[in-house]
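One structure is given below, encoded as C-alpha cells.
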Amino acid sequence: MQTSRPVQILKDILATLIVIVFMFPIFWWSLSSIKPYTAIFNKDGPVYFDFQPTLQNYEVTLLGKSRIESNLESGGTSGAGGGSSYDSRETILQSIIVAVGSTILTIVLSTLASYALSRLPMRGKQHFLFWILSQRFMPPIAAVIPIMFMFRDMALLDTLTGLIIAHTLINIPIAVLLLKSFLDDVPKEIDEAAMIDGATRLQTFRRIILPMIKGGVAATAVLCFIVSWTEFLLSLYLTTSIRTLPVKISTFVTSTGTEWGFITALGTSAIVPSFIFILLVQRHLVRGLTLGSLKD
Amino acid sequence: MTQGTAVIATGRAGVTRMPRWLTSEHPFPWLAPLAAMLAVFGLYPLIYAFVLSFQQRNRIKRVDEFVGLKNWIQLVNDDRVWNALSVTLTYAFVAIVIELALGLLIALLLDQDRKGYGLMRALMTLPLVVPPAVTGMMFLLLEDGSFGWLSQNLYMTGLLSPEHPILATGSTALMGVLLADIWQWTPFMVLIMMAGLRSLPKEPYEAAAIDGANAFQTFRRLTLPMLSRVMAVAVLIRGVDLFRIFDYIYVMTSGGPGTATESLSAYAGRIFMTGNFPYAATLSLMTMIVVIIIANLFVRLFKVRF
Chain A
1 MQTSRPVQIL KDILATLIVI VFMFPIFWWS LSSIKPYTAI FNKDGPVYFD FQPTLQNYEV
61 TLLGKSRIES NLESGGTSGA GGGSSYDSRE TILQSIIVAV GSTILTIVLS TLASYALSRL
121 PMRGKQHFLF WILSQRFMPP IAAVIPIMFM FRDMALLDTL TGLIIAHTLI NIPIAVLLLK
181 SFLDDVPKEI DEAAMIDGAT RLQTFRRIIL PMIKGGVAAT AVLCFIVSWT EFLLSLYLTT
241 SIRTLPVKIS TFVTSTGTEW GFITALGTSA IVPSFIFILL VQRHLVRGLT LGSLKD
Chain B
1 MTQGTAVIAT GRAGVTRMPR WLTSEHPFPW LAPLAAMLAV FGLYPLIYAF VLSFQQRNRI
61 KRVDEFVGLK NWIQLVNDDR VWNALSVTLT YAFVAIVIEL ALGLLIALLL DQDRKGYGLM
121 RALMTLPLVV PPAVTGMMFL LLEDGSFGWL SQNLYMTGLL SPEHPILATG STALMGVLLA
181 DIWQWTPFMV LIMMAGLRSL PKEPYEAAAI DGANAFQTFR RLTLPMLSRV MAVAVLIRGV
241 DLFRIFDYIY VMTSGGPGTA TESLSAYAGR IFMTGNFPYA ATLSLMTMIV VIIIANLFVR
301 LFKVRF
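Take a look at the structure:
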C-alpha cells in the first residue's frame, strides 16, 4: 500500500509521540532519583530541570553511606534518621545470587527434559506437557502458603536456597516450553544421522544438538534471569531477612513517609540490568513471551 | 558416556546391560530430575493446600482440626470474595481490551522499514522488564495526591480536584492501578501483534488491492481474521497473568480505599497476613481452579498450541 507524504509524516509524528509517552514514566523516575528532597516533594507543580542534581540517593542505597553523613554534606537537615536500612548492597548481591542460581538450575533441568519431550517417543507426553503448562497458570499466591509450611519444615524458609527453588518453579514451565520449541526447529534427521554413526543419545545431545540451539538456550536463560530478578510475591512472603530488590524497594514505603529519593535511585539501578539483557534477546523475545507458541 | 549406554547402542553381547529405562534411549532419565523437582515443590504443596482447606486452627489446642467443607462454604458466603472476583474480572477485562486495541494500533504504526523505527521498536520493549513492583512505584510517584506529576497536571487542567486524589478515591483507584498495567503490558501486545503482522501472507493483500478494497476493508476482512490465532495466544497469556494480579495492587493501594481495588490475590494475601492459613489456602485454590478451567477452555476453543 502506498502512503502519501503528508500521511507518512503524520504517522512518523504519531509514532514518535507514542514512544515518548511510553518512555516518560521511566524518564521521570530516573530524573527523580537525582533530585534533592525538596524537588521531589514540590507541591506547587512538577520540577523538570530546575534543580541541583545530586547523587546522594545512590550513595546511600548503593554505597551504603549513612544518611545523616550524606545529608550534612549536601546541606540538608530534614528527615535524618534510620540510616543503615537503606543500604542495599547486600540486597543487590542476594538478588543476583537468587537470579543466577535459579537460572542455572532451571536451564539444567529444562534442557534435559525438553530434549526428551521433543525427541523421544513416550506415552502420556501431552499429559506431561499439560502438567508443566498448568504450573505456569498457577497463581503464585496459591503456591506460597503450602510452600511456606514445607520450607519451614525443611529449614528453607528465608534462605537463598529456598528462594532459588521457588523461582525455579516459576521458570520451569517457561524454559521447558521455550526450549522445546527451539529443539523442534532442529530436524530429527540430524539426531538419526549422528546415531547411525554410532553416537549414543546423550552424545548426540551434548555434542551435536546442544551446540545447535545454544542461541535459544542463551535467550531462555536471559528470560529466566529477568523473571527471577523482577519477581515479587514469592520473595515477599517466603523471606524476611533476605530481600530481593523489588521487595526491598517496597519496604521504603513507611508509615512515617515514603522515601522517594531512595526508592527511585534503587529502582533505577534495578531496571538497568533488565534493560541491557532485554536488548540482547530482542530477536527471540516474542517466542519467549508466548512460551514458544509464536515464532518470529 | 557410561559403559552401559554404549553397550546398548552397539548391541554387543557379553557385558552387563543396564535396564533400558535407565539408558538415554528412554525418556525417564531425561525427565526424572525435572519431574522430581515439580513433584516435590509443585505437586506436594498443592495437595497440602487442599488438605489445609478442609482444616481450621484450634487456638486452644493449637492444632489444625478437620472441619469438612467449612472453609469452602465460608468462601461462597464471603462478600469480600465476590467483591474481589468482580474487581479481578473488571480489571482483567478492561486491561485486555485496552492493551489489545492499543497494541494492535501501535504495532501497525511501528511496523515500518523507515529510519528510526528500529530504535522505537526496541524502546517500546523496555517497560516489559521493569519489575512490576517498581512499575507500581513509578505510577504511585506519578499519581501521588500532592506532588505526583500526573495529579498536578490533572489538577491544573481542572480534570481532577485535589480533594479526590486518584488512588484514594474509590471510583478512580482501580483506573489508577490499571494505568500501570496498561503501560507495562501494552508493549507485550505490540510485540506479539508485530510478529503476527510480519507472518501474514502477501497474496491475499495483492488480490484485495486488485479488487479495489480500501485500507479499512482490507484491515477488517483480511488482517483481523488472519491475526486471530496470534491474538488468542496473547489474550490467553495475558489473561492468566491478569487473573492473579497482585504486585501493582499491593504496592499502590494494598487493595484500598476500602476494598475498591482488592483482587482475589490481594485478598488472599491479606488473609495470609492475618495468619488464617487454611482460609487463605481455600481462596487461592479457588482462584487457581478458576484460572485453570478458563485457560484450558480457551486453549481448546482457540486451538492454541504449545
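Taken in sequence, the protein lines are chains A and B. The first sequence maps to residues 1 to 296 in full-length UniProt numbering. The second sequence maps to residues 1 to 306 in full-length UniProt numbering. Cβ coordinates follow ideal geometry from the N, Cα and C atoms, glycine included.
What is the rounded straight-line gap between the Cα of residue i and the Cα of residue j?
i	j	result
B/P204	B/L105	21 Å
A/V98	B/I249	25 Å
B/Q217	B/F188	26 Å
B/I293	A/V47	49 Å
B/T253	A/L117	43 Å
A/P246	A/L93	13 Å
residue 297 of chain A	B/I192	Absent from the model: residue 297 of chain A. The displayed extent of chain A is 1 to 296, so no value can be given.
B/D64	B/A234	42 Å
B/P27	A/A194	18 Å
A/G45	A/W229	34 Å
A/G124	A/P173	17 Å
B/Y165	B/G258	Looking at the sequence itself, residue 165 of chain B is Pro, so the reference to Tyr does not match. Computed Cα separation, rounded: 15 Å.
B/L242	B/T88	8 Å
B/L159	B/M137	23 Å
B/D79	B/G269	16 Å
A/T258	A/F275	26 Å
B/T282	A/T240	24 Å
A/M212	A/V222	18 Å
B/A168	B/Y91	17 Å
A/S100	A/F277	Inspection of the sequence shows that residue 100 of chain A is occupied by Val rather than by Ser. Computed Cα separation, rounded: 13 Å.
A/K214	A/K188	17 Å
First and last residue of the alpha helix (DSSP H) that includes residue i?
i	result
A/W222	Checking the sequence, you will find Val at residue 222 of chain A rather than Trp. Its alpha helix (DSSP H) spans residues K214 to T230.
B/D247	D247 to M252
A/Y115	R89 to R119
B/M288	F277 to L301
A/P187	Looking at the DSSP string, A/P187 is not in any alpha helix (DSSP H), and its letter there is neither H nor E.
A/T16	R5 to S33
A/R206	Careful: A/R206 lies outside any alpha helix (DSSP H) and carries neither H nor E.
B/T157	W149 to T157
A/T61	Q56 to L62
B/F219	Note, B/F219: premise wrong, no alpha helix (DSSP H); not H, not E.
B/L22	Segment: none, B/L22 is in no alpha helix (DSSP H) and carries neither H nor E.
A/T38	Y37 to I40
Where does residue i fall in DSSP's three states?
i	result
B/R57	strand
B/E203	helix
A/G257	strand
A/I242	coil
A/A143	helix
residue 307 of chain B	In the structure as shown, chain B starts at 1 and stops at 306, and residue 307 of chain B therefore has no counterpart that could be examined.
B/E143	helix
A/V281	coil
A/S84	Low local confidence applies: a pLDDT of 45 at A/S84 is under 50, so the model's placement there is unreliable, and no value is given.
A/Q52	coil
Check each candidate in the options and name the one with the smallest Cα separation from residue i.
i	options	result
B/V97	B/L236, B/T282 and B/N296	B/L236
A/T162	A/I174, A/R243 and A/P211	Reading the sequence as shown, one finds Gly at residue 162 of chain A and not Thr. Taking only the C-alpha atoms, the option nearest A/G162 is A/R243.
A/F232	B/V230, B/D247, B/L242 and B/I47	B/D247
B/A84	B/V290, B/A266, B/M175 and B/V291	B/A266
B/A208	B/L200, B/S199, B/M231 and B/L222	B/L222
B/M120	A/L62, A/I20 and A/A219	A/I20
A/S269	A/L62, A/F252 and A/T38	A/L62
B/L126	A/L294, A/F225 and A/I271	A/I271
A/T290	A/D12, A/S88, A/S181 and A/A166	A/S181
A/F41	B/Q152, B/G239 and B/V251	B/Q152
A/F151	B/V230, B/Y44 and B/G145	B/Y44
A/L210	A/T91, A/T251, A/I107 and A/H127	A/I107
A/V60	A/S293, A/Q282 and A/L266	A/L266
A/R206	B/S24, B/E143 and B/R244	B/S24
Ends of the beta strand (DSSP E) at residue i?
i	result
B/F66	V63 to F66
Report yes or no: is there a C-beta of chain C within less than 8 Å of the C-beta of residue i?
i	result
A/F149	Reference to chain C is not applicable here, since the protein chains of this structure are A and B.
Give the list of continuous alpha helix (DSSP H) stretches no shorter than 4 residues that lie fully inside the segment 69-134 of chain B. Within the segment 69-134 of chain B, the runs of alpha helix (DSSP H) at least 4 residues long that lie entirely inside it are, in chain order, 70-77, 79-110 and 117-124.
Which complete alpha helix (DSSP H) runs does the segment 166-205 of chain B hold, if anything under 4 residues is left out? Counting only runs of 4 or more, we get 170-198.
Which runs of the alpha helix (DSSP H) at least 4 residues long sit entirely within the segment 128-178 of chain A? Give them in chain order. Fully enclosed alpha helix (DSSP H) runs of 4 or longer: 140-153.
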